[in-house]
Amino acid sequence: MDDEKKSPNPLSSPTNRRRALMLGAATASAIVSVRPALAQSAASVMNCEIPVPGPHGTGMNIDSYGKLVARDTPGSFPATGQKFTGDQVKAALQGRSLPGTSYEQSQAYVNYIRRLQSGQSGFTCYASLQMSR
Numbered sequence: 695m696d697d698e699k700k701s702p703n704p705l706s707s708p709t710n711r712r713r714a715l716m717l718g719a720a721t722a723s724a725i726v727s728v729r730p731a732l733a734q735s736a737a738s739v740m741n742c743e744i745p746v747p748g749p750h751g752t753g754m755n756i757d758s759y760g761k762l763v764a765r766d767t768p769g770s771f772p773a774t775g776q777k778f779t780g781d782q783v784k785a786a787l788q789g790r791s792l793p794g795t796s797y798e799q800s801q802a803y804v805n806y807i808r809r810l811q812s813g814q815s816g817f818t819c820y821a822s823l824q825m826s827r
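Residue numbers for the sequence shown follow the numbering used here, beginning at 695 and rising by one.
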């Protein structure tokens, strides 16, 4: 056991200590500058907009499952292209109704929003809402 070498202290030389201090200072400034950016992005997520439906659904209705259907489909709701904010959608995802809609219409619209895919209008806003949970 006496033959085992003790590992040298990595901070024993002045050069290594300086590097450690510089790394700590860089990390602290990164944390300070990232926090305001995160706060700003959280606020912008609440203000982003999701059109129901996006331009790809013009002239169609939305059924209770959130699918775009022909206007004359029984039980479907008119897709007016109304835009809802991230804050309104987040509240609707938690059980509230979207403003200006009945409970059933709101559920259909929320189902439509849940079905959004990359490239569709409103997808980035919805994805951001999912990240902020």
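Quick reminder that beta carbons are idealized off the backbone N, C-alpha and C, glycines included.
Query: My assumption, with CB atoms under 8 Å, is that residue 755 sits in contact with residue 778. Please give the rounded CB distance.; Result: So it is not a contact: roughly 17 Å between Cβ atoms.
Query: Whole angstroms is fine: what's the gap from residue 822's alpha carbon to residue 807's?; Result: 13 Å
Query: Which same chain residues end up closer than 7 Å to residue 800 when comparing Cβ atoms and leaving out the 5 residues on each side of it in sequence?; Result: 786, 791, 792
Query: Measuring alpha carbon to alpha carbon, tell me which residue in 745, 817, 741, 816 is nearest residue 773.; Result: 745
Query: On the CB-based measure, 16 or more other CB atoms within 10 Å of its CB, does residue 753 come out buried or exposed?; Result: exposed
Query: Taking just the CA atoms, how far does residue 759 sit from residue 769?; Result: 11 Å
Query: How far does the beta strand (DSSP E) with residue 818 in it extend, from its first residue to its last?; Result: Unbroken run through residue 818 is the alpha helix (DSSP H), 817-825; no beta strand (DSSP E).
Query: Which same chain residues end up closer than 6 Å to residue 775 when comparing Cβ atoms and leaving out the 5 residues on each side of it in sequence?; Result: 745
Query: Does residue 713 come out as helix, strand or coil in the three-state DSSP assignment?; Result: helix
Query: Could you work out which residue in 780, 796, 757 is closest to residue 817 when comparing CA atoms only?; Result: 780
Query: Check for me: the alpha helix (DSSP H) holding residue 784 runs from which residue to which?; Result: 780-787
Query: What are the boundary residues of the alpha helix (DSSP H) that residue 759 is part of?; Result: That residue, residue 759, is in no alpha helix (DSSP H); it is neither H nor E in DSSP.
Query: Just curious, the beta strand (DSSP E) that residue 745 is in, first and last residue?; Result: 743-746
Query: Taking the C-alpha atoms as reference points, what is the distance between residue 809 and residue 761?; Result: 8 Å
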